[in-house]
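Report on the following structure.
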Amino acid sequence: MDSPSFGSIPTAAPSDRRGEAGEVLCAAAGPEPADRGDVVFIAGFGSAIAADFAAFVGREARVEVVPVDDEGGRGPASLVVFLPPSLGEPGRRRLAELLDAAARRSVGFVGIVGTFRVHLNDPVAEETERLALALVRSSGIAARVAVFRPGLVLSPNSGVSRWLGRLGPLFPLAPGRLRTCFIEGEELFAAIEAERSGDARPGGTGEVGPAGRAMGHRRRAYTYLGANLAWREVLERHRGTSAGRRVATAVARVLSWLLAGQLVALAVGLLSRWFPGARPWSVRTLKPRSMREIVSLCHDGNIGRVRVVGYNNGVNHFGHRYPGRTIVSTVCCRRAVHAGPRVLKADCGATIRGAREYLGGRGEELFVMPNYSFVSVGTSFFVPIHGSSVDYATVADTACRVVLYDPNSDRIVSAGRDEGAFRENVYNLRSRMVVLRLYLRTKPKSTYYVRRETWKNAGADDLLAALRDRDAANVEIRQAHAASDTVTISKYYNEPSGPSGPAQESPRDALGRLWDRLEENPVTSFLMHALSRHVAWHTELFLTPAEFERFWATHAEVALRKIQLRYIRRDGMPHSPFRDEDCVSADLFLFRFDKAAFDGYLAKNLPNVRCNPGKHSN
Ligand SMILES: Cc1cc2nc3c(=O)[nH]c(=O)nc-3n(C[C@H](O)[C@H](O)[C@H](O)COP(=O)(O)OP(=O)(O)OC[C@H]3O[C@@H](n4cnc5c(N)ncnc54)[C@H](O)[C@@H]3O)c2cc1C
Numbered sequence: 001m002d003s004p005s006f007g008s009i010p011t012a013a014p015s016d017r018r019g020e021a022g023e024v025l026c027a028a029a030g031p032e033p034a035d036r037g038d039v040v041f042i043a044g045f046g047s048a049i050a051a052d053f054a055a056f057v058g059r060e061a062r063v064e065v066v067p068v069d070d071e072g073g074r075g076p077a078s079l080v081v082f083l084p085p086s087l088g089e090p091g092r093r094r095l096a097e098l099l100d101a102a103a104r105r106s107v108g109f110v111g112i113v114g115t116f117r118v119h120l121n122d123p124v125a126e127e128t129e130r131l132a133l134a135l136v137r138s139s140g141i142a143a144r145v146a147v148f149r150p151g152l153v154l155s156p157n158s159g160v161s162r163w164l165g166r167l168g169p170l171f172p173l174a175p176g177r178l179r180t181c182f183i184e185g186e187e188l189f190a191a192i193e194a195e196r197s198g199d200a201r202p203g204g205t206g207e208v209g210p211a212g213r214a215m216g217h218r219r220r221a222y223t224y225l226g227a228n229l230a231w232r233e234v235l236e237r238h239r240g241t242s243a244g245r246r247v248a249t250a251v252a253r254v255l256s257w258l259l260a261g262q263l264v265a266l267a268v269g270l271l272s273r274w275f276p277g278a279r280p281w282s283v284r285t286l287k288p289r290s291m292r293e294i295v296s297l298c299h300d301g302n303i304g305r306v307r308v309v310g311y312n313n314g315v316n317h318f319g320h321r322y323p324g325r326t327i328v329s330t331v332c333c334r335r336a337v338h339a340g341p342r343v344l345k346a347d348c349g350a351t352i353r354g355a356r357e358y359l360g361g362r363g364e365e366l367f368v369m370p371n372y373s374f375v376s377v378g379t380s381f382f383v384p385i386h387g388s389s390v391d392y393a394t395v396a397d398t399a400c401r402v403v404l405y406d407p408n409s410d411r412i413v414s415a416g417r418d419e420g421a422f423r424e425n426v427y428n429l430r431s432r433m434v435v436l437r438l439y440l441r442t443k444p445k446s447t448y449y450v451r452r453e454t455w456k457n458a459g460a461d462d463l464l465a466a467l468r469d470r471d472a473a474n475v476e477i478r479q480a481h482a483a484s485d486t487v488t489i490s491k492y493y494n495e496p497s498g499p500s501g502p503a504q505e506s507p508r509d510a511l512g513r514l515w516d517r518l519e520e521n522p523v524t525s526f527l528m529h530a531l532s533r534h535v536a537w538h539t540e541l542f543l544t545p546a547e548f549e550r551f552w553a554t555h556a557e558v559a560l561r562k563i564q565l566r567y568i569r570r571d572g573m574p575h576s577p578f579r580d581e582d583c584v585s586a587d588l589f590l591f592r593f594d595k596a597a598f599d600g601y602l603a604k605n606l607p608n609v610r611c612n613p614g615k616h617s618n
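The working numbering puts the first residue of the sequence shown at 1, with every later residue one more than the last.
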């Protein structure tokens, strides 16, 4: 990083380094300002964080503070504006004057420090950021502009730090579930400085080589959430040790036993429904509404702080945890349209259900329909999502193109099925890539006729033969529990033949359809997911034919309550569980108290079996 100096903006009325109200918060210059081009103007609008940033830049750059009317040389300057929570008319006027003043010299970089509230459906925060950008545009400053959207900033003088200092002793009152995003001031300031000086650019070719389109840097938004932490934990760090504070902690602990903290959490939850200003107090999941917003959240400096998910069944249903990370659910990016004949272009957050409804209205359908359709299309690139279609095994098998964002190289990559970026990333859960869009093949809508048979004491070979029946459009096998001697085989055909049931819209049985019904209603949805997280334990094994034979011969040893078998064909993709061999998927349900026995069973009988990472209880 080059050593910057600070400078004042001619004609603006600067205040001193600790100034609370002045626009130009800090003005300092290097030892020989006239020779230096690298000048940073910091406009604070009364923000104490701006003062901390000024101190950071001063310390990092080892500059010497000089009087505020020093212009800090004539080279290109940088301007960093810390936005207030809202920009009323006076604020707008002040910012416009400031920008006009700055425009009189050459400005190479404008940093606008806003807030992560723009991701929380907060119209005031969005408007403030929009107005600030509009003012920069109308000022005629032709600089590179970067918007920073930090979480709650923990810097020495920030408002959040002050409140934490005051309320720290009351930490027992904050229930563990009350969490939000906290970024250390130093982390944010270093990021601003790196972007300002150009050091922040990912230099490598990323996970996809030099392919794709580089994201522009002339106008960019970067969200820096910091860690997602419980208030309780952060408050506790500020609890203090004085006698008075200890007494306050003891009182708070007693109140917490009386559930006062739960009431606080409830109040925060209710408040944030009605008042967007209260939303930053409790943040676990963000739902970006555009691809731009997703990229703003997933750039190289923030991708480690988030977990990008689709409909979020992983967390809600299977109890997956991502400590310290904020969940970024893509469900609000859900457009699904035709990209050409028999090709659906679906945004990552579009659900299979949404895609089915869109296609259904046009006489088409997806090749693969899982039993549960509240899953995102984007997820299917990383998690094998399957029905029991014979033509294609998984949704990803029907994908002909993917559009990815690569945070490593800051590029958007569009890759066809045979290209490296597709093959190297499909089912690769170690990849840092974010799926933005998927193109899926579709087919004319079919009608399904089910033929159901009950078999007694079926052997593994019989079941494998049934699953491999290529005349059927779908085949699935259910066993009610591991000790049962019967299995039900359902074969779905597109033509009625033999003793088949009535025509059906989709190749799913009643139990398969039940999941969707439960999810449609908020109360049953809540109960289904809560029960699954606390009582049930789910997993899906991908068994090679040899493993399946072993499984079928031994699985009665464990108390499996529901077994569903389907067939998945080999796909040759490098990270696929079905790369080399066809597999039988065994979808298993048991109670949590039987899990230890099941783990022991797997270790003894199927030590190398692969399981579906997207369908695995925590
Ligand atoms: C009741 C129920 C029934 C089910 N039935 C079936 C079934 O019949 N067949 C079947 O195959 N599965 C079934 N499943 C499993 C389901 O397909 C998986 O749990 C799937 O992962 C859920 O999709 P999701 O969008 O909620 O995933 P999420 O939990 O939202 O995401 C899972 C993972 O996908 C990755 N991811 C998602 N989107 C992106 C993105 N845009 N960029 C980068 N990474 C991303 C992330 O690693 C994330 O952790 C069922 C699940 C439930 C709860």
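Glycine residues also receive a C-beta, built at the ideal position from the N, C-alpha and C atoms.
Collapsed DSSP secondary structure at residue i in the structure displayed
{"i": "F578", "result": "coil"}
{"i": "E365", "result": "strand"}
{"i": "Y567", "result": "strand"}
{"i": "G22", "result": "In this prediction, G22 has a pLDDT of 38, which is less than 50 and means its spatial position is unreliable; nothing more can be read from the coordinates."}
{"i": "Y448", "result": "strand"}
{"i": "S532", "result": "helix"}
{"i": "S409", "result": "coil"}
{"i": "D587", "result": "strand"}
{"i": "Y372", "result": "coil"}
{"i": "N605", "result": "helix"}
{"i": "C298", "result": "helix"}
{"i": "P280", "result": "helix"}
{"i": "K615", "result": "coil"}
{"i": "V268", "result": "helix"}
{"i": "N316", "result": "helix"}
{"i": "V136", "result": "helix"}
{"i": "R623", "result": "This structure cannot settle anything about residue 623, because the visible part of the chain is limited to 1 through 618."}
{"i": "D462", "result": "helix"}
Cβ-based neighbour list, residue i, same chain, cut-off 7 Å, excluding 5 preceding and 5 following
{"i": "R335", "result": "D347 and A350"}
{"i": "E547", "result": "L606 and V609"}
{"i": "L543", "result": "F551, C583, V584, A586 and V609"}
Pair within 8 Å by beta-carbon distance, residue i and residue j
{"i": "P333", "j": "S290", "result": "The residue you asked about is not Pro; residue 333 is Cys in the sequence shown. Contact flag set, yes."}
{"i": "S576", "j": "Y427", "result": "yes"}
{"i": "V145", "j": "V110", "result": "yes"}
{"i": "R239", "j": "R245", "result": "yes"}
{"i": "R643", "j": "A102", "result": "Outside the shown range of the chain, which is 1 to 618, sits residue 643, and nothing can be said about it."}
{"i": "N612", "j": "P384", "result": "yes"}
{"i": "H529", "j": "N316", "result": "yes"}
{"i": "Q479", "j": "I412", "result": "no"}
{"i": "E184", "j": "F56", "result": "no"}
{"i": "V247", "j": "L164", "result": "no"}
{"i": "F182", "j": "L152", "result": "yes"}
{"i": "L438", "j": "F382", "result": "no"}
{"i": "T539", "j": "S431", "result": "no"}
Cβ neighbours of residue i in the same chain (closer than 6 Å, five flanking residues each side left out)
{"i": "E365", "result": "L359 and K445"}
{"i": "I125", "result": "According to the sequence displayed, residue 125 carries Ala and not Ile. Within the same chain, A125 has close Cβ partners T115, R117 and V118."}
{"i": "W352", "result": "Checking the displayed sequence, the identity of residue 352 turns out to be Ile instead of Trp. Cβ within range, chain order: S373 and V375."}
{"i": "Y322", "result": "R307"}
{"i": "L541", "result": "A586, V609 and C611"}
{"i": "L95", "result": "L135"}
{"i": "E97", "result": "none"}
{"i": "Q504", "result": "Y448"}
{"i": "L120", "result": "R279"}
{"i": "R219", "result": "V145"}
Outcome for residue i when other beta-carbon atoms lying within 10 angstroms are tallied against a minimum of 16
{"i": "V580", "result": "In the sequence as presented, Val is not what sits at residue 580; that position holds Asp. With fewer than 16 other Cβ atoms within 10 Å, it is exposed."}
{"i": "D461", "result": "exposed"}
{"i": "D418", "result": "exposed"}
{"i": "W621", "result": "Missing from the structure shown is residue 621; the chain here goes from 1 to 618 and no further."}
{"i": "T454", "result": "exposed"}
{"i": "L440", "result": "buried"}
{"i": "L590", "result": "buried"}
{"i": "R196", "result": "buried"}
{"i": "L565", "result": "buried"}
CB contact below 8 Å: residue i versus chain D
{"i": "F182", "result": "Chain labels in this structure do not include chain D; a single protein chain is all it has."}
Close Cβ partners of residue i (< 8 Å) along its chain, the five nearest in sequence each way excluded
{"i": "R92", "result": "L131 and L135"}
{"i": "L270", "result": "none"}
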